[in-house]
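Colleague: Quick note: the sequence shown uses the numbering used here, first residue 7, plus one each step. Note that CB positions come from ideal geometry on N, CA and C, so glycine has one too. Take a look at the following structure, please.
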Amino acid sequence: MVNKSKIIEKLTLISGSENVLTEPEDMISLSYDGTPLYEMLPLCAISPQTVEQISQILKAAHELEFKVVPRGTGTGLSGGAIPVANSVIVMMHHWDKIIEIDEKNLTVTVQPGVITQDLHTAVEACGLFYPPDPGSMKICTIGGNVAENSGGLRGLKYGVTSSYVMGLQAVLPEGSIVSFGNKCVKNVSGINMKDIFVGSEGILGIITEIVLKLIPKPQDQKTMLAFFNTIEDAGETVSAIIAEKIIPCTLEFLDQTTIKCVEDFAKIGLPIEYEALLLIEVDGPSIIVEDEAARIIDICKKHGAQNVEFARNSEEAEKLKTARRAAFTALARVKPTTILEDATVPRDKVAPMLRQIQIIAKKYNLLFGTFGHAGDGNLHPTCLTDERLTDEMERVELAFEEIFKVALEMGGTLTGEHGIGVAKKKFLAKFEMPANLQLMKKIKTTLDPNNILNPGKVFDL
C-alpha cells in the first residue's frame with residue numbers, strides 16, 4: 007500500500023510545493039486524455055523544473071513504490087497519458103522552449119512541451135519547414151509526437167516524426183540521464199538507440215530534449231478538392247496519381263458521413279451528395295507544382311471525379327483544408343461518444359478497406375464516419391455512439407475487432423499513428439506475433455525491471 011502523504015512530501019522536497027498539484031479538481035482534469043471510455047485519478051501531479059528533478063522523481067518512485075505517467079497536453083487517442091493505479095503524473099507541457107534554430111545545420115532543438123504549431127510557425131519564419139502535421143497540431147506537443155511517432159496530412163511525401171528525430175535526451179526509469187544522436191546526418195556509432203524511444207509511448211523513458219531535422223520551405227503549393235460518386239472511384243484515383251509518379255504532400259479522404267458532418271459544422275460550402283472526396287495538395291518549385299496540379303486534375307476526371315474545386319490563393323487553400331482538419335471535431339458533435347481508430351492498409355487496399363468498414367458498420371447497426379490519409383493507407387474509422395448504451399458498446403467492440411482483423415488480412419496494421427496505449431492493448435496481444443511482443447517486453451523489463459514508468463500501456467507484463 008503506497009503512502010500518499012509521504013509521496014507528496016517527497017515530491018515537494020524535489021520540486022517545491024508550488025510545482026505539486028493535489029487538489030481534486032486538478033486530479034480530475036488529469037484523469038483522462040483524448041481517448042474516450044478511459045479515466046483514472048492520479049495520486050498527485052508534479053511539474054519538474056530540471057532534468058535532475060525528473061531523475062529524482064523516478065528514483066523516488068522506486069523508493070516509495072509509486073508509478074510515473076509522463077504527460078504533455080493529453081491529446082493522445084490511445085490512452086497513453088491516462089493515469090494508472092497509484093501513479094503520479096509528471097507534467098511536461100511547461101517545457102516549451104525552442105532552444106535553437108540552426109539554419110546552417112538545418113536543425114531545431116526543442117524541449118518536449120513545445121506546441122507543434124508553434125514550432126511550425128517559428129521555423130517557417132526562417133524559411134524552413136518541419137513537415138509532420140498531426141491533426142491536433144495546434145495543441146499537441148513535440149514530446150508527445152515523438153513518443154507516439156505521430157504522422158499527419160503530409161506523411162505520404164514527407165514521412166512521419168521518426169523521419170525527423172536526429173537526437174534526443176531522456177531520463178530512464180531508474181533515473182539515469184542519457185543522450186542519443188546529435189546534429190550529424192550520419193551517425194553509426196553503435197546501436198541506433200534514439201529510435202527505440204521514438205514511438206515508445208512513454209514506457210521506456212521521459213524525453214527532455216529533442217533535435218529535429220528541418221528542410222527548406224517549399225516554394226509553392228496548390229490545393230484542390232475532388233468529389234466522387236463512389237468510394238471505389240476515389241480509391242482508384244489515389245492509386246492512379248501515385249502510378250503517374252506524382253507524390254502529393256497531402257492526399258486525404260472523407261466519406262459521405264464525414265462530409266455531411268463537416269459541412270454542418272464548418273459551413274464551407276461542401277456538396278454533400280457525393281460518397282467521397284479527396285483533399286489533394288502538391289508543393290515544391292512553382293513550375294513543378296503547376297504541372298503536377300494540372301495532371302492531377304486530369305487524373306481525377308478520368309477516374310470519375312464529378313467536381314474538382316481548385317484553390318486560387320492561400321486563403322482558399324486553408325478553407326479547403328478545413329474540410330479535413332475539422333473532420334474529427336465535426337463527427338464528435340453527432341453523438342455523446344466518439345471512438346476514433348487508425349487501422350492502416352497498403353495504398354491499393356484503401357477502397358476495399360473503406361467498403362469493408364461500411365459493411366461492418368451495417369452488420370452491427372452502428373454509425374461510422376471514415377476519413378484519413380488515403381495516400382499512405384492510414385484510415386480513421388470513427389464510431390459515433392453513446393457509452394451509456396451497454397448493448398451498443400458491445401457491438402462497437404466487436405465491430406472494431408473485425409475492422410482490425412480485416413486490415414491485418416489486407417497486409418495492414420492495427421495503428422498507423424495513434425499508438426497502442428490502453429485502447430488497443432488487447433488487440434496487440436491478440437494479433438501481434440508472439441516473438442515480436444516478447445522482444446518488446448524484454449526491452450521494457452531491461453530498462454524498467456520494476457515497471458515504474460507508464461505501466462499497463464502497450465502491453466501487460
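1) Suppose only complete runs of 4+ residues qualify. What are the alpha helix (DSSP H) ranges in the region 301-334, listed by chain order?
2) When we look at the beta-carbon of M439 and count the other beta-carbons within 10 Å, is it buried (16 or more) or exposed?
3) Which residue from Q444, A429, A349 puts its Cα closest to that of T421?
4) Verify the contact flag: S292, CB atom, against every heavy atom of the ligand NAP, threshold strictly below 7 angstroms.
5) V90: which of I209, A333, K110 sits nearest, CA to CA?
6) Quick check: the Cα distance between L346 and H386, rounded to an integer number of angstroms?
7) By Cβ distance below 6 angstroms, which residues in the same chain neighbour T115 in space, the five residues on each side in sequence not counted?
8) Who are H379's beta bridge partners in DSSP?
9) Between the alpha carbons of N457 and G241, how many angstroms are there, rounded?
10) Per the contact definition of three or more C-beta pairs closer than 8 angstroms, is the region 124-136 in contact with the region 214-233?
11) Taking M97 and S169 to be in contact with their CB atoms under 8 angstroms, please state how far apart those CB atoms are, rounded to whole angstroms.
12) Tell me the DSSP secondary structure of T419 in three-state form.
13) Report the residue ranges of all beta strand (DSSP E) runs contained in full by the region 22-86; include only those spanning at least 3 residues, in chain order.
14) Which residue comes first and which comes last in the alpha helix (DSSP H) that contains A246?
15) Given V171, which residues of its chain have a CB within under 7 angstroms of its CB, disregarding the five upstream and five downstream residues?
16) Hey, would you say D6 sits closer than 8 angstroms to V295, going by beta carbons?
17) Nearest by alpha-carbon distance to E393: which of G378, P352, I366, T344 is it?
18) Is DSSP giving Q364 helix, strand or coil here?
19) Tell whether a beta-carbon distance below 8 angstroms holds between P118 and G78.
20) Among the residues of its own chain, which have a CB less than 6 angstroms from the CB of R331, if the five just before and after it don't count?
21) By DSSP, does P358 sit in helix, in strand, or in coil?
22) Within the same chain, show all residues whose beta-carbon is closer than 6 angstroms to that of L373, passing over the 5 residues directly before and after it, in chain order.
23) Going by the CB atoms, is the gap between R353 and G383 shorter than 8 angstroms?
24) Give the range of the beta strand (DSSP E) segment to which D226 is assigned.
25) Roughly how many whole angstroms lie between the Cα atoms of N460 and L64?
26) So, do the region 186-196 and the region 148-168 have three or more beta carbon pairs nearer to each other than 8 angstroms?
27) Would a C-beta distance cut-off of 8 angstroms place T81 and C146 closer than the cut-off?
28) Throw me the rounded Cβ distance for the N9 and L47 pair, which I believe falls under 8 angstroms.
29) Is the beta carbon of H309 sitting closer than 8 angstroms to the one on T243?
30) Would the region 274-288 count as touching the region 226-237 if we require 3 or more Cβ pairs under 8 angstroms?
31) Would you mind sorting P291 into buried or exposed? The rule is 16 or more other CB atoms within 10 Å of its CB.
32) At the level of alpha carbons, what is the spacing between V268 and H100?
33) To the nearest angstrom, how far is the alpha carbon of L337 from that of T264?
34) Using CA coordinates, which residue listed in E287, S23, A380 is at the minimum distance from K228?
35) Over the uninterrupted alpha helix (DSSP H) stretch that includes V129, give me the two end residues.
36) Checking the sheet assignment: what are the DSSP bridge partners for L134?
Modeller: On the basis of the data shown:
1) If we require 4 residues or more, the alpha helix (DSSP H) runs fully inside the region 301-334 come out as 320-331.
2) Here residue 439 refers to the residue found at position 433 when the sequence shown is read from its first residue. So M439 counts as exposed.
3) The residue labelled residue 421 in the question sits at position 415 within the sequence shown. Among Q444, A429, A349, the Cα nearest to that of T421 is on A349.
4) Because no ligand of any kind appears in the structure shown, any question about the ligand NAP cannot be addressed here.
5) As a first step, residue 90 must be located in the sequence shown, where it is residue number 84. Out of I209, A333, K110, I209 has the C-alpha closest to the C-alpha of V90.
6) Counting from 1 along the sequence shown, the entry for residue 346 is found at position 340. Counting from 1 along the sequence shown, the entry for residue 386 is found at position 380. Near 6 angstroms, if we compare the C-alpha coordinates of H386 and L346.
7) Here residue 115 is taken as the residue at index 109 of the sequence shown, counted from 1. Cβ within range, chain order: I105, E106, V217.
8) As a working note, residue 379 is residue 373 in the sequence shown. BP columns for H379 point to N384.
9) As a first step, residue 457 must be located in the sequence shown, where it is residue number 451. As a first step, residue 241 must be located in the sequence shown, where it is residue number 235. Taking the straight line joining both Cα atoms gives about 44 angstroms.
10) yes
11) On the sequence shown, position 91 is the one that residue 97 refers to. On the sequence shown, position 163 is the one that residue 169 refers to. Wrong, their Cβ atoms sit about 28 angstroms apart, outside the cutoff.
12) Taking the sequence shown and counting its residues from 1, the one referred to as residue 419 is at position 413. Here T419 sits in strand by DSSP.
13) Whole beta strand (DSSP E) segments, 3+ residues: 50-52, 73-77.
14) Stepping through the sequence shown from its first residue, residue 246 is reached at position 240. Unbroken alpha helix (DSSP H) run through A246: 237-249.
15) Taking the first residue of the sequence shown as position 1, residue 171 is located at position 165. The residues are V152, K200, V204, I216, L218.
16) What is shown of the chain runs 7 to 467, which leaves residue 6 out entirely.
17) Sequence index remark: in the sequence shown, residue 393 carries index 387 (1-based). Of the candidates G378, P352, I366, T344, the one whose C-alpha sits nearest the C-alpha of E393 is T344.
18) As a working note, residue 364 is residue 358 in the sequence shown. Three-state DSSP puts Q364 in a helix.
19) Position 112 of the sequence shown, counted from the first residue, corresponds to residue 118. Position 72 of the sequence shown, counted from the first residue, corresponds to residue 78. Contact flag set, yes.
20) Locating residue 331 in the sequence shown gives position 325, counting from the first residue. Closer than 6 angstroms at the Cβ level, and outside the excluded window around R331, lies no residue.
21) Your numbering for residue 358 matches position 352 in the sequence shown. The answer is helix: DSSP assigns P358 an H, G or I state.
22) Here residue 373 refers to the residue found at position 367 when the sequence shown is read from its first residue. Contacts found: L390.
23) Locating residue 383 in the sequence shown gives position 377, counting from the first residue. Locating residue 353 in the sequence shown gives position 347, counting from the first residue. In this structure, R353 lies closer than 8 angstroms to G383 by Cβ.
24) Your numbering for residue 226 matches position 220 in the sequence shown. Segment 226-234, the beta strand (DSSP E) holding D226.
25) For this step, residue 460 is matched to residue 454 along the sequence shown. For this step, residue 64 is matched to residue 58 along the sequence shown. So the alpha carbons of these two residues sit roughly 11 angstroms apart.
26) By the Cβ criterion, the region 186-196 is not in contact with the region 148-168, since fewer than three pairs of Cβ atoms, one from each stretch, lie closer than 8 angstroms.
27) To locate residue 81, count along the sequence shown from 1; it is residue 75. To locate residue 146, count along the sequence shown from 1; it is residue 140. Yes, they are a contact pair.
28) Counting from 1 along the sequence shown, the entry for residue 9 is found at position 3. Counting from 1 along the sequence shown, the entry for residue 47 is found at position 41. With a Cβ gap of about 17 angstroms, N9 and L47 do not count as contacting.
29) Sequence index remark: in the sequence shown, residue 309 carries index 303 (1-based). Sequence index remark: in the sequence shown, residue 243 carries index 237 (1-based). Taking 8 angstroms as the Cβ cut-off, H309 and T243 qualify as a contacting pair.
30) yes
31) Taking the first residue of the sequence shown as position 1, residue 291 is located at position 285. Residue environment for P291: exposed (fewer than 16 other C-beta atoms within 10 angstroms of its C-beta).
32) Taking the sequence shown and counting its residues from 1, the one referred to as residue 268 is at position 262. Taking the sequence shown and counting its residues from 1, the one referred to as residue 100 is at position 94. Each residue's alpha carbon lies about 33 angstroms from the other.
33) Position 331 of the sequence shown, counted from the start, is the residue given in the question as residue 337. Position 258 of the sequence shown, counted from the start, is the residue given in the question as residue 264. Cα to Cα, the separation comes out at about 7 angstroms.
34) One-based indexing of the sequence shown puts residue 228 at position 222. For K228, the nearest C-alpha among the options comes from E287.
35) On the sequence shown, position 123 is the one that residue 129 refers to. Here the alpha helix (DSSP H) through V129 covers 122-130.
36) Counted from its first residue, the sequence shown places residue 134 at position 128. Residue pairing by DSSP places L134 opposite P222 in a beta bridge.
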